[in-house]
Structure formats: structure tokens, C-alpha cells
Ligand code: PFF
């Protein structure tokens, strides 16, 4: 079967960066940072990115490019008959689970984009009530979730170069421009310097074991590693694409976007004097107050600023959801020899059904629980605490210990191969192993 390919190196890096940059950077990072002490969290996060998550990314690139196959098929090519293939299946399962709950939050974002642009969001007076009424409604979030999945479906079904690469090349630069405009705006708000100080002055008294754990979990989620997503993308890289510099590029873009999201949100939050520590509601409840407070006297600015912010969040979510969809689509397309649109349709339908269950767990199915959790929290728990760290551990261990050393070195083609081998074989597996076990023990 003819395989798709990214037509250019820059397309490959932008698509991978598109996978990495998402709700994790703009919604989850500021929320984690706000609840875990600001600058100290950022420092620990950076260590986790460069010592734990980046090695997994490079290992995924090595697996994908050398096998030229999907998340499961790659182990069948590189280690036939060995049990590593389980890690591929875990990745496909994680792809379904994450995409289902991720699309729910992306659907909220789509709704907020419409409501901002039409002006109805800003006419609200109680955003907390507005948000909880919205997410617990049985219909509205489901409609927006379906629309979002349909958008994702259309890009993936169109193919690797004409769909994923082309749209990443358009959306990623747009996203970067919007971030710069918004951060510029925020930093000039009165008293914004307080927010900048919060982001730049570390308070190590806030650092506990849980903060370290959250930072590691955030690094994995944000860089999309541990599920075979980036291995799938790397199977479309051409031979000229250098794996280590590409991984460094993706990690740098992802980290800059996360920190810039902090520079959009915290100066604005401090400027209007609301709490930085408001958890998941930061983007959907606190920020609308910030927009209202900051620009209330000039409604055009209010609509423009909030509209632009939610468009940014939407674009970021879309380039990530495309990559999660691609893990399973590529697997089904190549294993069962179905056409790409048919494979994509199967994935979309399954995720829609699971996504509806996640969405309803905020309302009518609030009391339907498995292991004490509603579907949304359950899927998040299984993937973030179990499948992603275990997947990352297996991926590094495979490349560090079992994969043919000459093949790894040829793929890496780098002066830093020995250093990378130490990271794959020792540093990353031990570090990730500790998070994994601690995460399980602490529930
Ligand atoms: N990295 C994405 C984000 O930060 O929003 C989320 C994600 C995408 C996780 C793809 C996992 C994945 F395979």
C-alpha cells in the first residue's frame, strides 16, 4: 500500500509541533502553573521536558521513521514476535480515550468562540453559572463536540500531505501570531507586572512531591509523548529530516507557547485582581471576567480579544486532535487494508460515542461512575496516570535496550548518540518509573 509522507522537513516539524501545542499548553499549563506556585513549577516542568519527555519523543521518532509503519505495525517490523507490540496497542487505546475527552473541552472552546464573536458571551453577568449550565446541558456541548470531531475527521480523511501537513502549515503560524498579539495586549494592562512577577519569581516553599508529579504529567501530555502519536508522524518523515534537531525544535516551540500562554493569562488575571489559582475554570470562567473588566468600556475590543483568544485555543486543539485521530486511523487503514476515509470514519464514530459519554458525565450522567469516576475523569485518569507514563517507559526501554543499536545510531545520525542512549536506557525509564509508581500509589 502506498504510504503518505510529509513533503518537507518544515512540514514535518510543524505537524509534530501542532500535535504538541494544544489545550495542554493554553488551558492546562496555566491552570497547573496557577495552582502549583508559578515560577517554581515552570522550572521543574522544564527539567521534566528536557530529561524525561524529550528522550521519549526522540525514541518515538526513531521507532516511527525506521519502521515506516503505524504505532502497532512498527513493533511488528522492528521486533517481530516480541511482546513490545503491547505498547503499540496501548497507544491506539490511549488515542481513542484522549481524543474522546479532549474533544469535549475542544467543543466547549468552539461554543465559546461563537458566543464571543456574536457578543452573547460578554453580555453575561455570572460566568460561573453560565459555564456550569452550559457543560451540564445534555445537548449543546454534544453538538459542539460533534462539530469539532467532524472538523478533525475532514482533515485526517484528506490524507497526510494534503490534509495534516497543509493545515498544520497554515494553522501553526496563525497560532503563533495570535499568541504574540494577545501577550502584547495583556502585558500592557495596568498592574500587569504582578502577573509577570508571579511567572518569573520562584517560590520553592510551594514545591512538594505532588508539584513534581504534576509537572511530569504535564510535560508528557503537552509534548504528546508516550502514545505512539509522534512515532506515527515520524513514519511520514523523509530521510533528510534530522531527528534530534526536530525534537529540540518541537520541545522549544511547545514550551515557548506554554509560557507565552502564561504571559497572556496571568498579567490579565492580576491586572483585574482575580485569583490565579482557579483551576479548570481559569480559561472558561475567570478569563471572560478579565475580558469584561479590561475592555468593558470598548465592546469591540472585548469581542475581538475574547474571540481571538478562543480561536487560538480552537486552532491549537485542532492540530492536536488531528494527531490523536491519526494514531488509530493509520493503524486501521494499514492493518485492515481499509481506505483512509473509511478508517477515519470508524475512528470518528467510536470517539463520538465515547465523547458523548464524557460530555454527559458533567450533567445527566453525573452519577454514572466506574471506579468512582465519571467517564471524563475516568478517561483522563487511565491515560494520564497509566497509559502515557507506562507507554513512555516501554518506548524508551525498547529503543535503549532491545532495538538494533546500529539502526538506532543510523537513524539518529548525531554526535550526541551516546548521551541519548544513556537517556533512553537509564535516565528516562527510571524517572518515569518513579512517577508511574508514585502516581498509582497516590491515586
Ligand atoms: N499535546 C496535546 C496538548 O498539549 O494539548 C495533547 C495530546 C496530543 C496528547 C496528542 C497526546 C497526544 F497523543
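Numbering (the working numbering), first residue to last: 1 to 443.
Heads up, the beta-carbon is just placed ideally off N, CA and C, and yes, glycines get one too.
So, residue i versus residue j, is the Cβ gap smaller than 9 Å?
{"i": "residue 379", "j": "residue 358", "result": "yes"}
{"i": "residue 319", "j": "residue 167", "result": "yes"}
{"i": "residue 394", "j": "residue 87", "result": "yes"}
{"i": "residue 257", "j": "residue 175", "result": "yes"}
{"i": "residue 306", "j": "residue 284", "result": "no"}
{"i": "residue 61", "j": "residue 186", "result": "no"}
{"i": "residue 97", "j": "residue 348", "result": "no"}
{"i": "residue 177", "j": "residue 5", "result": "no"}
{"i": "residue 235", "j": "residue 70", "result": "yes"}
{"i": "residue 399", "j": "residue 59", "result": "yes"}
{"i": "residue 362", "j": "residue 390", "result": "no"}
{"i": "residue 411", "j": "residue 243", "result": "yes"}
{"i": "residue 30", "j": "residue 253", "result": "no"}
{"i": "residue 396", "j": "residue 434", "result": "no"}
{"i": "residue 45", "j": "residue 304", "result": "no"}
{"i": "residue 165", "j": "residue 232", "result": "no"}
{"i": "residue 241", "j": "residue 9", "result": "yes"}
{"i": "residue 42", "j": "residue 179", "result": "no"}
{"i": "residue 90", "j": "residue 387", "result": "yes"}
{"i": "residue 150", "j": "residue 442", "result": "no"}
{"i": "residue 408", "j": "residue 67", "result": "no"}
{"i": "residue 211", "j": "residue 374", "result": "no"}
{"i": "residue 112", "j": "residue 376", "result": "no"}
Does DSSP put residue i in a helix, in a strand, or in coil?
{"i": "residue 464", "result": "Summary: the structure shown does not reach residue 464, with the chain confined to residues 1 through 443, and so no result is reported for it."}
{"i": "residue 237", "result": "coil"}
{"i": "residue 124", "result": "coil"}
{"i": "residue 337", "result": "coil"}
{"i": "residue 242", "result": "coil"}
{"i": "residue 169", "result": "helix"}
{"i": "residue 201", "result": "coil"}
{"i": "residue 108", "result": "helix"}
{"i": "residue 195", "result": "helix"}
{"i": "residue 137", "result": "coil"}
{"i": "residue 404", "result": "coil"}
{"i": "residue 365", "result": "coil"}
{"i": "residue 380", "result": "helix"}
{"i": "residue 474", "result": "The shown model of the chain, from 1 to 443, leaves out residue 474, and the question about it has no answer."}
{"i": "residue 30", "result": "helix"}
{"i": "residue 188", "result": "coil"}
{"i": "residue 76", "result": "helix"}
{"i": "residue 25", "result": "helix"}
{"i": "residue 59", "result": "helix"}
{"i": "residue 69", "result": "coil"}
{"i": "residue 416", "result": "coil"}
{"i": "residue 273", "result": "coil"}
{"i": "residue 211", "result": "helix"}
{"i": "residue 95", "result": "helix"}
{"i": "residue 146", "result": "helix"}
{"i": "residue 389", "result": "helix"}
Give me whichever residues DSSP pairs with residue i in a beta bridge.
{"i": "residue 370", "result": "373"}
What distance in whole Å lies between the Cβ atoms of residue j and residue i, which are believed to be in contact at a cut-off of 8 Å?
{"i": "residue 21", "j": "residue 247", "result": "At roughly 14 Å, the Cβ-Cβ gap does not stay under 8 Å, so residue 21 and residue 247 are not in contact."}
{"i": "residue 152", "j": "residue 322", "result": "6 Å"}
{"i": "residue 110", "j": "residue 78", "result": "Contact doesn't hold; Cβ gap of about 39 Å is too wide."}
{"i": "residue 312", "j": "residue 182", "result": "7 Å"}
{"i": "residue 250", "j": "residue 414", "result": "Not quite, the Cβ-Cβ distance comes to about 16 Å (not below 8 Å), so this is no contact."}
{"i": "residue 281", "j": "residue 131", "result": "7 Å"}
{"i": "residue 300", "j": "residue 289", "result": "Not really, about 19 Å apart at Cβ, beyond 8 Å."}
{"i": "residue 272", "j": "residue 293", "result": "4 Å"}
{"i": "residue 56", "j": "residue 226", "result": "6 Å"}
{"i": "residue 353", "j": "residue 142", "result": "No, residue 353 and residue 142 are not in contact; Cβ-Cβ is about 11 Å, not under 8 Å."}
{"i": "residue 444", "j": "residue 19", "result": "The structure shown does not extend to residue 444, since the chain is modelled only from 1 through 443, so no value can be given for it."}
{"i": "residue 157", "j": "residue 344", "result": "4 Å"}
{"i": "residue 49", "j": "residue 255", "result": "6 Å"}
{"i": "residue 104", "j": "residue 27", "result": "In fact, because the Cβ distance is near 12 Å, the residues do not count as touching under 8 Å."}
{"i": "residue 199", "j": "residue 39", "result": "6 Å"}
Is it buried or exposed, residue i, if we count other Cβ atoms within 10 angstroms and call 16 or more buried?
{"i": "residue 221", "result": "buried"}
{"i": "residue 64", "result": "buried"}
{"i": "residue 420", "result": "buried"}
{"i": "residue 118", "result": "exposed"}
{"i": "residue 450", "result": "Residue 450 lies beyond the stretch modelled for the chain, which goes from 1 to 443, so this question has no answer here."}
{"i": "residue 171", "result": "buried"}
{"i": "residue 23", "result": "buried"}
{"i": "residue 229", "result": "buried"}
{"i": "residue 122", "result": "buried"}
{"i": "residue 99", "result": "buried"}
{"i": "residue 314", "result": "buried"}
{"i": "residue 324", "result": "buried"}
Using 9 Å as the limit for Cβ to Cβ distance, is residue i near chain D?
{"i": "residue 55", "result": "Protein chain content of the structure displayed is limited to a single chain, and chain D is not contained in it."}
(request) For the ligand COA, enumerate in chain order all residues having a CB closer than 6 Å to any of its heavy atoms. (result) This structure lacks the ligand COA; the ligands present are the ligand PFF.
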